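Positions 1 to 155 (UniProt numbering) are the ones given, in order, by the sequence shown.
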Amino acid sequence: MVLECPSPCENLVEFIRRHGGSLDEEKTRQIMWQAAHATNMCHLRRVLHRDVKLDNLLINRETSEVKLIDFGCGDILRRSPYKSYRGTAAYSPPEYHSRGKYYGGPATVWSLGIVMFALLCGRFPSDYDLRRLGLGQIKSHNWFKVVNLRSAMKN
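Written as structure tokens, this is what we have:
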């Protein structure tokens, strides 16, 4: 068991603080590409992390390499729904709260979306962000901080 943080790494909470509370689109894109790649590699190996969050993503201060850590909430990725949630509540998928179940892949994408929002906006999405505006906010391009989704999708 690894119990220490490799130097010169820090988690993304510390990284954001050190960079003034939020990140620009280019840095966020670089981090999110690596985080999405890490979770995809886990899924290809039938591993569900279940706790993808800022605290569980380490970034090397010198190379900007991102690592996914802490698989303590992990499970085998399956096609059937999960009926109990493990992980951090702020990153939990809305379908778990409304239906009492969720699927691993979409829940991971949701968690990655929360990570991206926090990196760009410097805060977690509020209930207002998530529930009242929802897709209407995305369709109308009504963001609290301008986000160019096309640049995030490159590469």
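For each residue, glycine too, the CB sits at the ideal point set by N, CA and C. Computed from a predicted structure; not experimentally measured.
With respect to Leu54, Val115 sits close: the two C-beta atoms are nearer than 8 Å. In this structure Tyr128 is exposed. Its beta-carbon is surrounded by fewer than 16 other beta-carbon atoms within 10 angstroms. Around the CB of Asn56, 16 or more other CB atoms lie within 10 Å, so the residue is classed as buried.
Ala35 places its beta carbon less than 8 Å from that of Leu112. The DSSP-derived three-state label of Lys53 is coil.
For Leu68, the pairing in a beta bridge is given by DSSP as Leu57. Among the bridge pairs identified by DSSP, Asn11 is matched with Leu58.
In this model, Asn60 and Ala118 are separated by some 19 Å (Cα to Cα).
In this model, Ile69 and Ala89 are separated by some 18 Å (Cα to Cα).
Assignment of beta-bridge partners to Asp75 by DSSP yields Leu48. The residue among Arg86, Pro106, Thr28 with its C-alpha nearest the C-alpha of Thr39 is Pro106.
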